[in-house]
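Everything on this sheet refers to the single structure shown next.
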Amino acid sequence: MAYITTFLVVIFFGIFMGFSNPRFVASHSPTLFAKPTITISSIIAYGPEYFENSGREETSEATNSARFLKYQDILIESRDGKVIVPVVMYHYIEKYVDPQDTMKQKLTVMLPEFENQLLAWKKSGYETLFAKDLSKNLIDQKVMDKRAVALTFDDGYEDFYLYVFPLLKKNKAKATVYVISGYIGRQGFLTREQIRELSKSGYVEIGGHTVNHVYLKGLSRQTIAQEILNGKKEIEKLIGEKIETFAYPFGAYSLDAEVATINAEYDASFTTQPGIIHESTKTTLLSRVRPHQINYNDIDSSLVKIYNEYK
Ligand SMILES: [Zn+2]
């Protein structure tokens, strides 16, 4: 009798403790608590973070998936000819800027800060894309099923080669540089050799930014067309391949400028208008964001904010 009682107590205790404890069940019945099979559609439905965090403590998982739900909405909106990707617009990356030079200060991100930003994107699960990858996605109407960011650098300053390029190689990250063809080799700007090396590296896309960095509003149709087309041809001759994306100097565009980018066979052109939603029907006027618009401690939330603000 005592033997039977002990047996029953053990069984009861086992059932009570074991099956009431999800961790026990999870570790002993893998099929009950198995993660769903990871497919592209399940990543869209749950988000990659759901899978990444499924082994972590429940509290942090709950926080992360709550935060992610908002981001997931954004990715779902990525269908129907829309691509949701932040395209960050940089100018100078420097180790030192003259405090008197307020104009340059405004356009500069200091090197350590830039490195932190690059690492923050990586840490938050964002893959770096070329601007031309984004335009390809738009043209092919491909669904954006992962976090991605495009880092763009206007004007083709030499600091890109000196400071940004080594960081890209070190972190296997990509970036796009918009080169003013008539400024190549000038003091403070990239040289022909540097541009060739950047282009061949696989880490850098070279794009166009006109011949003379002109304000593309109010000029004659012919001048606008020449600035855009010749700037493209000069760079293509230099690097020996087609360039696909363009950035409007000063963010200034006009209908003539848009038409000229199409005639020059650019696939996509970027303004300085803020926003992260890109539409396949508007590839001549794509938005960008400024580096300080992002909260690098919570990139997802700041993108949701930008998304809502500039819908
Ligand atoms: Zn510029």
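So for the sequence shown, the working numbering puts the first residue at 1495; every next one is plus one. Quick reminder that beta carbons are idealized off the backbone N, C-alpha and C, glycines included.
{"Asked": "Ile1770 beta carbon less than 8 Å from that of Ile1800", "Found": "yes"}
{"Asked": "Whole-angstrom C-beta distance between Gly1745 and Ile1766, which should lie under 8 Å", "Found": "According to the sequence shown, residue 1766 is Thr rather than Ile. Confirmed, Cβ separation roughly 3 Å."}
{"Asked": "Stretch pair the region 1719-1733 + the region 1628-1644: three plus CB contacts closer than 8 Å", "Found": "no"}
{"Asked": "For Ile1633, the first and last residue of its enclosing alpha helix (DSSP H)", "Found": "Ala1625 to Ile1633"}
{"Asked": "Spatially closest choice to Asp1574 from Asn1789, His1772 and Asp1794, by CA coordinates", "Found": "His1772"}
{"Asked": "For Ile1722, the residue or residues it bridges with in DSSP", "Found": "Paired residue(s): none; Ile1722 is not in a bridge."}
{"Asked": "beta-carbon His1786 near ligand 1 non-hydrogen atom, thresh 7 Å", "Found": "no"}
{"Asked": "beta-carbon Pro1606 near ligand 1 non-hydrogen atom, thresh 7 Å", "Found": "no"}
{"Asked": "Short Cβ contact (8 Å threshold) for Val1673 with Leu1684", "Found": "yes"}
{"Asked": "Alpha-carbon spacing of Tyr1540 relative to Ser1618, whole angstroms", "Found": "Reliability fails at Tyr1540, whose pLDDT of 34 lies under 50, so the model's placement of it is uncertain and the value that follows must be treated cautiously. Approximately 16 Å, taken between the alpha carbons."}
{"Asked": "Close beta carbons around Ser1695, own chain, < 6 Å, minus the five adjacent residues each side", "Found": "none"}
{"Asked": "Same chain, Cβ closer than 6 Å to Asp1648, five either side skipped, listed in chain order", "Found": "His1585, Tyr1672 and Ala1741"}
{"Asked": "Test item: CB-CB of Ser1774 and Thr1739 under 8 Å", "Found": "no"}
{"Asked": "Beta strand (DSSP E) segment containing Arg1690, residue limits", "Found": "Arg1690 -> not in any beta strand (DSSP E); alpha helix (DSSP H) instead, spanning Arg1686 to Ser1695."}
{"Asked": "Contiguous alpha helix (DSSP H) assignments of at least 4 residues, all confined to the region 1777-1805", "Found": "1793-1803"}
{"Asked": "Distance CB(Glu1699)-CB(Ala1754) smaller than 8 Å", "Found": "no"}
{"Asked": "Nearest-angstrom beta carbon gap, Val1643 and Trp1615 [assumed within contact, 8 Å]", "Found": "5 Å"}
{"Asked": "Nearest-angstrom beta carbon gap, Pro1743 and Leu1780 [assumed within contact, 8 Å]", "Found": "Leu1780 to Pro1743, Cβ: 15 Å. No contact."}
{"Asked": "Beta-carbon spacing of Ala1669, Ile1718 below 8 Å", "Found": "no"}
{"Asked": "beta-carbon Asp1653 near ligand 1 non-hydrogen atom, thresh 7 Å", "Found": "no"}
{"Asked": "Simplified DSSP state of Thr1670, which is helix, strand or coil", "Found": "strand"}
{"Asked": "Backbone CA spacing between Asp1653 and Met1638 [nearest angstrom]", "Found": "32 Å"}
{"Asked": "Heavy atom of ligand 1 within 7 Å of Pro1768 beta-carbon", "Found": "no"}
{"Asked": "Pro1660 - containing alpha helix (DSSP H), residue span", "Found": "Phe1659 to Asn1665"}
{"Asked": "DSSP three-state assignment for Leu1645, whether helix, strand or coil", "Found": "strand"}
{"Asked": "Boundaries of the alpha helix (DSSP H) in which Ile1756 is found, first to last residue", "Found": "Leu1749 to Asn1757"}
{"Asked": "Bounding residues of the beta strand (DSSP E) (the contiguous stretch that carries Phe1683)", "Found": "Taken as a continuous stretch (DSSP letters only), Phe1683 belongs to no beta strand (DSSP E), as it is neither H nor E."}
{"Asked": "Simplified DSSP state of Gln1594, which is helix, strand or coil", "Found": "coil"}
{"Asked": "Straight-line gap, Gln1787 to Arg1690 (C-alpha atoms, nearest Å)", "Found": "32 Å"}
{"Asked": "Simplified DSSP state of Glu1773, which is helix, strand or coil", "Found": "strand"}
{"Asked": "Sub-8 Å separation of Tyr1697 and Lys1731 beta-carbons", "Found": "no"}
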